[in-house]
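Everything on this sheet refers to the single structure shown next.
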């Protein structure tokens, strides 16, 4: 079952159960997906949907930080609840060790040896990761291993 179908089914389930936070959060995410599809005039695949899910989670994490800075516990709780709802749909992430091993393997495959080869490594690595690790974490690992 593709990601959009899973999200649509989750909206239906949340409507039946009366879970307003889950329903609202998933509907906003589906709207973001639909907007991208309309703008680009394409139907998104699972990788693109996962990318949008990650973007939505990132936006909510930023809102959570801002709410915490402003001492707004109510807004922080809302943002955290939405993050929890969306996180369920993401694939299981890599552990630090798994990510490091994958980065090392890709460095060997590409023949990279200096930090200037980072772009070549990232280009080969990102399709393997497919939403299972944040981009900043991946680039930090690549940078660290290429500097050794």
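In the working numbering, the protein residues as written are 3 to 150.
By construction, the Cβ of each residue, glycine as well, lies at the ideal position given by its N, Cα and C atoms.
Task: For residue 89 and residue 59, believed in contact at Cβ under 8 Å, the rounded distance - done: With a beta-carbon spacing of about 7 Å, residue 59 and residue 89 fall inside the 8 Å limit used to define contacts.
- [ ] Helix, strand or coil for residue 41, going by three-state DSSP, please let me know.
- [x] Residue 41 carries a helical assignment under DSSP once its states are collapsed to helix, strand and coil.
Task: Residue of 15, 81 and 143 minimising C-alpha distance to residue 99 - done: The residue with the shortest Cα to Cα distance from residue 99 is 143.
Open item on the list: By alpha-carbon positions, which one of 11, 40, 42 and 19 ends up nearest to residue 29?
Closed with: Comparing C-alpha distances from residue 29 to each of 11, 40, 42 and 19 shows the shortest one belongs to 11.
Open item on the list: Assuming residue 142 is part of the alpha helix (DSSP H), what are its boundary residues?
Closed with: Run containing residue 142: 137-149, per the alpha helix (DSSP H) assignment.
Open item on the list: Rounding to the nearest angstrom, what Cα-Cα distance links residue 104 and residue 47 in this structure?
Closed with: So the alpha carbons of these two residues sit roughly 24 Å apart.
Task: Whole-angstrom distance between residue 27 and residue 39, CA atom to CA atom - done: One C-alpha to the other measures close to 19 Å.
Task: Span separating the alpha-carbon of residue 19 from that of residue 87 - done: Cα to Cα, the separation comes out at about 14 Å.
Open item on the list: At the level of alpha carbons, what is the spacing between residue 106 and residue 92?
Closed with: Inter-residue distance for residue 106 and residue 92 is about 24 Å (C-alpha atoms, whole angstroms).
TODO: Spatial neighbours of residue 25 within its chain, please: CB distance less than 7 Å, with the 5 preceding and 5 following residues excluded, ordered by chain position.
DONE: Within its own chain, the residues whose Cβ lies closer than 7 Å to the Cβ of residue 25, once the five positions on either side in sequence are excluded, are 13, 16 and 17, listed in chain order.
Open item on the list: Contact defined as beta carbons within less than 8 Å: I believe residue 72 pairs with residue 81. What is the distance between those atoms, to the nearest angstrom?
Closed with: Rounded to the nearest angstrom, the Cβ distance from residue 72 to residue 81 is 12 Å, too far for a contact under 8 Å.
Open item on the list: Our contact map puts residue 110 next to residue 148 with C-beta atoms below 8 Å; I'd like the distance itself, whole angstroms only.
Closed with: Rounded, the Cβ-Cβ distance is 12 Å, inconsistent with contact.
Task: Spatial neighbours of residue 55 in its chain, beta-carbon cut-off 8 Å, leaving aside the 5 residues before and after - done: Its chain contains 5, 31, 88, 91, 92 and 133 as the residues whose beta carbon lies nearer than 8 Å to that of residue 55, once the 5 sequence neighbours on both sides are disregarded; these appear in chain order.
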